Amino acid sequence: MQREDQKKKTRAALLDAARTLLMRGEALTVTAAAHEAGISKASAYRYFSDPVLLAAEAGLHLKAASYEDIVGDAAALRDRLVAISLYFFDLAVANETAFRTYLGLNLQATAQSPDGRTPCRGTRRIQAFMRALESETDIRPEQARSLAAALGMATGAEAMIALFDMAGLSAEEARALVAETAQAICDRMLP
């Protein structure tokens, strides 16, 4: 767990450094972000091999609300999980072009990767779901990870693209289906 926490901190530091460079109007390279963050160039390239992906994710990262703002006054676990699902779906819809661009760049980077590895992406959704679940004593860690993964899969930009492009739903219809799907996942997976 400590290693995972360190990875999250390193990734966040690189994104913060990239935003700082962008706000100062400086050229954004992976090397420049590494230098700004005080991280080795080799480590930085393990997280972001392409400055375009770094810039795209740094821009998206600016738009995310805090966990407390996302869940608001939702007291029940199920309500918090549905609120998180709807927030990340709404965020994708409100920034559709940016998310589609980011996902396209990510897919392109995967296709061009010599080892076929998928570039590391942000995990804000999963982190938010895990935070909602962490205080629940009757949910085992492996259950929490599975539940967070299922909910993460059913929301965000990927769900938006599937619901808009493949299912042909309107934004309102898609949002209602995301809420229903989150409820169904909770019905199936919560103890």
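Quick note on the numbering used here: the sequence shown kicks off at 28 and runs consecutively.
Idealized CB from N, CA, C, for every residue including glycine.
The structure displayed is predicted, hence computed values, not measured ones.
Its Cα nearest to that of residue 114, the residue 187 stands out among 167, 187, 169. When DSSP states are grouped into helix, strand and coil, residue 179 belongs to the helix group. By alpha-carbon distance to residue 204, the top candidate from 192, 166, 218, 182 is 182. Boundaries cannot be given for residue 122, as no alpha helix (DSSP H) includes it and DSSP labels it neither H nor E. If you look at residue 157, you'll find it in the alpha helix (DSSP H) that goes 151-160. Collapsing the DSSP output to three states places residue 131 in a helix. Distance between residue 196 and residue 190, taken at the CA atoms: about 6 Å. The C-alpha of residue 159 lies about 9 Å from the C-alpha of residue 171.
The three-state secondary structure of residue 43, taken from DSSP, is helix. Taking a cut-off of 8 Å on C-beta distances, the region 86-104 does not touch the region 66-77, as fewer than three cross pairs fall below it.
Straight-line spacing of the CA atoms in residue 73 and residue 41 works out to 11 Å. When rounded, the separation of the alpha-carbon atoms in residue 212 and residue 116 is 16 Å. Counted as a single uninterrupted DSSP element, the stretch harbouring residue 193 is not any alpha helix (DSSP H), since DSSP gives it neither H nor E. Nearest to residue 86 by alpha-carbon distance, out of 141, 137, 34, 126, is 126.
Per DSSP, residue 204 is one residue of the alpha helix (DSSP H) stretching across 198-216. The alpha-carbon of residue 76 is positioned some 11 Å away from that of residue 82.
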